[in-house]
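J.: Chains as they are written, first to last, in my numbering: chain A, 11 to 415; chain B, 15 to 308.
Quick look at the structure:
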């Protein structure tokens, strides 16, 4: 008798729980495929913070408004572990098991190139906030979009500024790390140097993670005016330290990603000075946004309050990727869960999207070599000023220079 | 050819870093027969302790090395009985058991590191890191970065101290006896439990100090330990597994190969060259450069 009572109670409880689950309000299930561990964890976690910030603000406001009703967003993570193969597995799991409506993309181009075909197969749209290799856009993935323009669109801006130095630089050494993004960056630097009549004395793609001090000693003997390096944050720090240790400072040291990253300046202190970089966004940029954040400054203040850091352009681009989805799904007027036809329609809306955000304009190209990349932005060239602690780092506005790619 | 002295010097200085990474690893393998997969993680933890101590005290990282050693010696001393339990008793294949257990330690430390320290790169500032000695005459030049020179001096000091300890002290005699035959050493009065704890403590302490050095010369993230585990493994395999006197020579040899290849042949294939050289040597002499390893 006693056992029967327990069984009845258990069944009743199960029914109540099942009812509660069944009654759960619909949410937009958004898969986030990014590197939370492995060698690219620094950048991966920067993207995570950007996506999280957007989701938090959306949910604080009650959700995305569709036909007068609010639908919250739920981020479901898939750790790419800094490995393309793991990114593909994570995309497969999110698509097949979690039945996500939409995806926010990985950190790094190699990982994005692995995740994108899987999402194509499942017809799930993805906007990535951090993938700059032109290879992604040359593949012409129908369901993949990116808020950061490719490096061949932005990477030449800093060199254009360096070319105006007095006296103008004549010789350069270009190095790239051996991954999709870094190689593309190095290629862009090399091609731009040639266009600007700066002689490329040495061009090498090197395996990531190795000690470049002997290489830099050899470079020093060539006395180039410019050393340009395509790589990720960790490698940039190592390179600057190697140059410092051999006591060599070229007229211009050029890097692409990382120069605006707080960790770069914190790790290098004063040595971060004089490093030129390119970006499409800084917290001091004058922008006007319609969704969530009215301008770059309010976004930066929000990030500072939440994470205690000043955001770089990757973090901002990731939050902007969320805004792109939000704007598109609002225009479409589709409530979750999205079916296949709605996902296809969402791609059409994304292709026609033309919005202004705290990050700047988001307008995806729908043809040519920048297919589905955001080409509405203006590249900025700048150089780090004085090292400051993580919490208060801020690239100078005084030295901003606009240039066209 | 005017670059050659610089290339050789750079190779020796890289070798100095490799010595510190690998020497503790070789010691612990030689005595306890453990392939410790967590070596990179001890280096990472030492780097972060050095980073925070430097931030709190403002002391130069080289002045912090004794503190880091003492802290991690204690940690190693306390952890060793757990490893000993796994590799001894009736369990089969102690070498494999030790490897799997330390692999687990590695994963735990890496996960905790990422959670506690965050994902940003850290670098310890040092006055030495910003100074170097430069000799320049025409096209010839020689730069000696002080921080790397200090790293080499540290490596030489560690090697000499270990050599003295193992060859000239009663404790060292006990350690060598234990490495040769555990049971016989026990019958001769060597306390294997205590000796193993001390050796593991020394190894963890040396690895942690190496972390401070590496974080001063380069930088460190919680995910980076694996890189140093691989390097330690390479050096120790090349030296001969468990053959401690071979470590400095193997480390210098690898450093020189890397430096010469990156400058004179191709920067793109340096790591490949290191692997190929390692494999060729192992094919000719499977017990390492000196034929004295396991």
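Positions of the beta carbon are idealized from the N, C-alpha and C atoms, including for glycine. Predicted model only: the values in this text are computed from it and were never measured.
Can you look up residue 233(A) in the DSSP assignment and give me helix, strand or coil?
T.: It is coil, neither helix nor strand.
J.: Using the beta-carbon of each residue, which ones in chain B are nearer than 7 Å to residue 140(A)?
T.: Under the 7 Å cutoff, chain B gives no residues; its nearest Cβ is about 14 Å from residue 140(A).
J.: Note down the Cα distance separating residue 150(A) from residue 242(B), rounded to an integer number of angstroms.
T.: When rounded, the distance between both Cα atoms is 39 Å.
J.: Once you ignore the five residues that flank residue 329(A) on each side, which residues in its own chain have a CB closer than 6 Å to its CB?
T.: So the qualifying residues of the chain are 60, 63, 64.
J.: Can you pull the chain A neighbours of residue 136(B), defined as C-beta to C-beta under 9 Å?
T.: Going along chain A in sequence order, the residues near residue 136(B) (Cβ under 9 Å) are 273, 276, 277.
J.: Whole angstroms is fine: what's the gap from residue 306(A)'s alpha carbon to residue 314(A)'s?
T.: Between residue 306(A) and residue 314(A), the C-alpha separation is close to 12 Å.
J.: Please state the DSSP three-state secondary structure of residue 22(B).
T.: If DSSP states are grouped into helix, strand and coil, residue 22(B) belongs with the helices.
J.: Give me the DSSP bridge partner(s) of residue 288(A).
T.: BP columns for residue 288(A) point to 391(A).
J.: Our contact map puts residue 102(B) next to residue 230(B) with C-beta atoms below 8 Å; I'd like the distance itself, whole angstroms only.
T.: No, residue 102(B) and residue 230(B) are not in contact; Cβ-Cβ is about 38 Å, not under 8 Å.
J.: When the cut-off is 7 Å and only beta carbons count, does residue 220(A) lie next to chain B?
T.: It does: the Cβ of residue 220(A) has a partner Cβ on chain B nearer than 7 Å.
J.: Distance cutoff 7 Å, beta carbons only. Does residue 313(A) sit that close to anything in chain B?
T.: It does not: the Cβ of residue 313(A) has no partner Cβ on chain B nearer than 7 Å.
J.: Can you tell me whether DSSP reads residue 1(B) as helix, strand or coil?
T.: This structure leaves residue 1(B) out entirely; chain B is present only between 15 and 308.
J.: In chain B, which residues lie with their C-beta within 7 Å of the C-beta of residue 320(A)?
T.: The premise fails here: residue 320(A) is roughly 13 Å from chain B at the closest Cβ pair, so nothing lies under 7 Å.
J.: Please list, in chain order, the chain A residues whose beta carbon lies closer than 9 Å to that of residue 162(B).
T.: Here the neighbours are 223, 255.
J.: Cutting at 8 Å between CB atoms, please list the residues of its own chain near residue 345(A), excluding the five before and the five after it.
T.: Result list for residue 345(A): 36, 76, 77, 79, 81, in chain order.
J.: Helix, strand or coil, according to DSSP, for residue 281(A) in the structure here?
T.: Three-state result, residue 281(A): helix.
J.: Starting from the Cα of residue 393(A), find the closest Cα among 193(A), 288(A), 303(A) and give me that residue.
T.: That would be 288(A), whose Cα lies nearest to the Cα of residue 393(A).
J.: Tell me whether residue 279(B) is buried or exposed, calling it buried when 16 or more other Cβ atoms sit within 10 Å of its Cβ.
T.: Exposed, by the Cβ-count rule.
J.: Starting from residue 146(B), find everything on chain A with Cβ-Cβ shorter than 7 Å and list it in chain order.
T.: Within 7 Å Cβ-Cβ: 255, 256, 257.
J.: What did DSSP end up calling residue 32(A) once you bin it into helix, strand or coil?
T.: Because residue 32(A) carries a pLDDT of 46, less than 50, the predicted location of this residue cannot be relied on, and no value is offered for it.
J.: State the CB to CB distance for the pair residue 393(B) and residue 235(B), rounded to an integer number of angstroms; the pair is presumed to be in contact (CB under 8 Å).
T.: The requested residue 393(B) does not occur in the structure, where chain B is confined to residues 15 to 308.
J.: When you compare the CB of residue 350(A) with every CB in chain B, is at least one pair closer than 7 Å?
T.: By this cut-off, residue 350(A) is not an interface position.
J.: What do you get for residue 186(A), buried or exposed, if any count of 16 or more other CB atoms within 10 angstroms of its CB means buried?
T.: That one is buried.
J.: Does DSSP classify residue 308(B) as helix, strand or coil?
T.: Coil at residue 308(B), not helix or strand.
J.: Can you tell me whether residue 195(B) is buried or exposed, with buried defined as 16 or more other CB within 10 angstroms of its CB?
T.: The residue is exposed, with fewer than 16 neighbouring Cβ atoms inside 10 Å.
J.: CA-CA distance, residue 90(B) and residue 231(A)?
T.: Approximately 45 Å between the Cα atoms of the pair.
J.: Could you confirm whether any beta carbon from chain B is found closer than 7 Å to the beta carbon of residue 144(A)?
T.: Judged by the 7 Å Cβ criterion, residue 144(A) is not in contact with chain B.
J.: Using a Cβ cut-off of 7 Å, pull out every chain B residue sitting near residue 49(A), in sequence order please.
T.: Simply 237.
J.: Compare the C-alpha of residue 57(B) against each of 36(B), 46(B), 76(B) and name the closest.
T.: That would be 36(B), whose Cα lies nearest to the Cα of residue 57(B).
J.: Using a Cβ-Cβ distance cut-off of 7 Å, determine whether residue 277(B) contacts chain A.
T.: So yes, residue 277(B) belongs to the interface.
J.: So the candidates are 253(B), 211(B), 157(B), 305(B); which of them puts its Cα closest to the Cα of residue 146(B)?
T.: Comparing Cα-Cα distances from residue 146(B) to each of 253(B), 211(B), 157(B), 305(B), the minimum goes to 157(B).
J.: Report the residues of the region 206-218 of chain A with a CB closer than 7 Å to any CB of chain B, ordered along the chain.
T.: Listed by position, the residues of the region 206-218 of chain A near chain B (Cβ gap below 7 Å) are 214, 215, 216, 217.
J.: Considering residue 365(A), what are the terminal residues of the beta strand (DSSP E) in which it resides?
T.: That run of the beta strand (DSSP E) goes 365-367.
J.: Which of helix, strand or coil does DSSP assign to residue 81(A)?
T.: Looking at residue 81(A) - three-state DSSP - the assignment turns out to be strand.
J.: Say whether chain B places a C-beta atom closer than 7 Å to the C-beta of residue 32(A).
T.: Its pLDDT being 46, under 50, residue 32(A) is placed unreliably by the model, and nothing is read from it.
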